[in-house]
Amino acid sequence: MNLAGQIEQYLPRQLMELVKDISGQAANLGQKVYLVGGAVRDLLLGYPNFDLDLVVEGDAVKLAQQVAETSQANLLAHHRFSTAKLRYENFTLDLATARKETYARPGALPVVTPGTLMDDLIRRDFSINAMAISLAPNDYGELIDPHQCRNDLEQRLIRILHPGSFTDDATRILRGVRYEQRFGFEFEAQTAQLLKRDISMLDTISGDRIRHELELIFREKRPELAVNRLGDLGALHRINPSLKGDAWIAEKFDKARRLKKPSQLPSLYFCLLIYSLRQRDIEQFLARLNIPAKLSRAMRDTLRLKTSLPLLDKSSLKPSEIYYLLREYEPLAIQANAIASDSSMARRHLQLFFTKLRYVKTALDGEELKRLGISAGPEMGKVLQMLHKAKLDGEVSTRAEEKKLAQSLSLKS
Ligand code: ATP
157 MNLAGQIEQY
167 LPRQLMELVK
177 DISGQAANLG
187 QKVYLVGGAV
197 RDLLLGYPNF
207 DLDLVVEGDA
217 VKLAQQVAET
227 SQANLLAHHR
237 FSTAKLRYEN
247 FTLDLATARK
257 ETYARPGALP
267 VVTPGTLMDD
277 LIRRDFSINA
287 MAISLAPNDY
297 GELIDPHQCR
307 NDLEQRLIRI
317 LHPGSFTDDA
327 TRILRGVRYE
337 QRFGFEFEAQ
347 TAQLLKRDIS
357 MLDTISGDRI
367 RHELELIFRE
377 KRPELAVNRL
387 GDLGALHRIN
397 PSLKGDAWIA
407 EKFDKARRLK
417 KPSQLPSLYF
427 CLLIYSLRQR
437 DIEQFLARLN
447 IPAKLSRAMR
457 DTLRLKTSLP
467 LLDKSSLKPS
477 EIYYLLREYE
487 PLAIQANAIA
497 SDSSMARRHL
507 QLFFTKLRYV
517 KTALDGEELK
527 RLGISAGPEM
537 GKVLQMLHKA
547 KLDGEVSTRA
557 EEKKLAQSLS
567 LKS
């Protein structure tokens, strides 16, 4: 099967030219370049995907160095992994030397040695990701599918390539569910059986790798589908016995999407995922996933604020009272609670703080107060605080009103 026509149809012209140039240079070095992984899968499905992974039978770093010298590309080489990234103005290309992988023990990172394209395809997670397209000038566009993976794609099946796959690397359980839910596919029967058998192998995976896979899930359009499915399969329970995927999570994730930019969503999803957990469980979760300090702070704050929400559930609160109750919390914790709280009053107050109150500033600063005869030090601090409070509560709004209030406050003291 030749896919040159599809490549032309789905890839932007400029990207195609870059790929052809690389492949031409590889041929001059006696090397062959292939398009692999997700881009091949998506090309066959007819979905646009400009995230191209190229495999080189030869030396990917040497090839990338040569390409960078003769083009505008910026090169990032990883000699240790024999991989390179070429950054162009509008695109990024990942190049990797074809490799063979063996696993010394379950969950360990694989031992990698140079190999052929066939070695490189058989090491992959699922059949839908284990096809290649030749980019060599003499057979450009030829689909290479030694394991009849295209059948699985047509039958919408997620299939592992050997029975020990989940034992070697249980992150594939999370990856498989992500693809299953993204494409609306199903696990092939034996794969489904092995996945259930091997759920406990998630224990062999480092926190960083589990977190990374959850982050990938959180970049999906509707991550709640994968979260719920992982819940049903017992995978969430394996990561932390208190984690759940349910209708509540689905509703809150959906709400989060309406409030936040996609790039900021994964952190918010993390805060919502642990919303129903007790403090002890959250600590276990943070430690298990080796969550970085900033996000850990936001997740702990989410719970701390949740327990203080009754204070916000009063209609009589002044804006300044809301401000003082909330100013110490991480913005992410405020948003998580604004989405997840059961009380509409508390939600309104959180939203008011998040969108408005936290930005309120006085028009007058220290220099201007000095000119009004207020001396620097505790007195000025107090006046500034009173001005800020009055501004929050709408008692002053113009600079002149602030001035008048500052003068009357300084006369009193
Ligand atoms: P997408 O980004 O759409 O999820 P992708 O194919 O680009 O799909 P990546 O995470 O970028 O996904 O991985 C690139 C390729 O590397 C995959 O298609 C797969 O073949 C392979 N791969 C990634 N992770 C694993 C793994 N844990 N085990 C085996 N192969 C893997």
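Going by our numbering, the sequence shown opens with residue 157, and the numbers climb by one from there. Note that CB positions come from ideal geometry on N, CA and C, so glycine has one too.
Exposed or buried, what is A449 when buried is set at 16 or more other beta-carbons lying within 10 Å of its beta-carbon?
exposed
Opening and closing residue of the alpha helix (DSSP H) in which A240 lies:
Careful: A240 lies outside any alpha helix (DSSP H), inside the beta strand (DSSP E) at T239 to R243.
If you measure from the CB of G202, is any heavy atom of the ligand ATP nearer than 7 angstroms?
G202: no, Cβ never under 7 angstroms from the ligand ATP.
The beta strand (DSSP E) spanning A233 covers which residue range?
N230 to H234
Are the beta-carbon atoms of L330 and A286 separated by less than 8 angstroms?
Note that the C-beta distance between L330 and A286 is not below 8 angstroms.
If you follow the alpha helix (DSSP H) that T323 is part of, which residue opens it and which one closes it?
S321 to D324
Taking 8 angstroms as the cut-off, decide whether the C-beta atoms of Q187 and V212 are in contact.
yes
Would a C-beta distance cut-off of 8 angstroms place K408 and I490 closer than the cut-off?
no
Alpha carbon to alpha carbon, how far is A216 from T272? Give it in angstroms, no decimals.
13 angstroms
Inter-stretch contact (C-beta, 8 angstroms, three-pair minimum) for the region 525–544 and the region 441–461:
Segments in contact, no.
Please find out if some non-hydrogen atom of the ligand ATP comes closer than 7 angstroms to the beta-carbon of D364.
no
Within 10 Å of its beta-carbon, does K517 have 16 or more other beta-carbons around it, so buried, or fewer, so exposed?
exposed
Below 8 angstroms CB to CB, which residues in the same chain sit around L465 once its five sequence neighbours on both sides are set aside?
N493, S497, S499 and A502
State the DSSP-derived secondary structure class of T248, mapped to helix, strand or coil.
strand
Is the closest heavy atom of the ligand ATP to the C-beta of L194 under 7 angstroms?
Looking at the sequence shown, residue 194 is not Leu but Gly. Remark: the C-beta of G194 is in contact range of the ligand ATP, defined as less than 7 angstroms to any heavy atom.
Name the two residues that bound the continuous alpha helix (DSSP H) containing D402.
Where D402 is concerned, there is no enclosing alpha helix (DSSP H), given that its DSSP letter is neither H nor E.
How many angstroms separate the CA atom of K176 from the CA atom of S227?
Per the coordinates, the alpha-carbon of K176 lies some 13 angstroms from the alpha-carbon of S227.
Is the beta carbon of L284 less than 8 angstroms from the beta carbon of Y190?
The sequence given here places Ile at residue 284; Leu does not occur at that position. Result no, Cβ atoms of I284 and Y190 do not sit closer than 8 angstroms.
Excluding five sequence neighbours on each side, which residues of the same chain lie with their C-beta closer than 7 angstroms to the C-beta of F322?
I316, R328, I329, L350, L351, D354 and M357
Within this structure, are the beta carbons of E369 and R338 separated by less than 8 angstroms?
no
Under DSSP, the beta strand (DSSP E) around V516 begins and ends at which residues?
Neither: V516 is in no beta strand (DSSP E) and is coded neither H nor E.
Closer than 7 angstroms: is that where the CB of T269 sits relative to any heavy atom of the ligand ATP?
Distances taken from the Cβ of T269 to the heavy atoms of the ligand ATP include none shorter than 7 angstroms.
Span separating the alpha-carbon of S362 from that of P262
11 angstroms
Euclidean distance between Cα positions of V268 and S476:
60 angstroms
The alpha helix (DSSP H) with R444 in it runs from where to where?
Q435 to R444
Closer than 7 angstroms to a non-hydrogen atom of the ligand ATP - does that hold for the CB of N230?
no
Within its chain, find whatever has a CB closer than 7 angstroms to the CB of A382; leave out the 5 residues flanking it on each side and keep chain order.
V333, R334, Q337, I373 and E376
Fully enclosed by the region 349–437, which alpha helix (DSSP H) runs are 4 residues long or longer?
363–374, 379–389, 391–395, 403–415 and 421–429
Within the present structure, is the beta-carbon of T347 separated from the nearest heavy atom of the ligand ATP by less than 7 angstroms?
no
Thinking L208 and Y166 are a contact (beta carbons under 8 angstroms), I'd like their distance in whole angstroms, please.
Going by Cβ atoms, the distance from L208 to Y166 rounds to 11 angstroms, so no, they are not a contact pair.
Residues sharing a beta bridge with I300, DSSP
A288
List the endpoints of the continuous alpha helix (DSSP H) containing L219.
A216 to E225
Between the alpha carbons of A514 and I405, how many angstroms are there, rounded?
According to the sequence as given, residue 514 is Arg; it is not Ala. Rounded to whole angstroms, R514 to I405 spans 28 angstroms at the Cα level.
Just verifying my parser: in three-state terms, what is the DSSP assignment at D521?
It is coil, neither helix nor strand.
Can you pull the DSSP bridge partners for T458?
DSSP output for T458 lists no bridge partner at all.
Span of the alpha helix (DSSP H), counted from its first residue to its last, around R538
A small fix is needed here, since residue 538 is Lys in this sequence, not Arg. P534 to L548 is the span of the alpha helix (DSSP H), which, as asked, contains K538.
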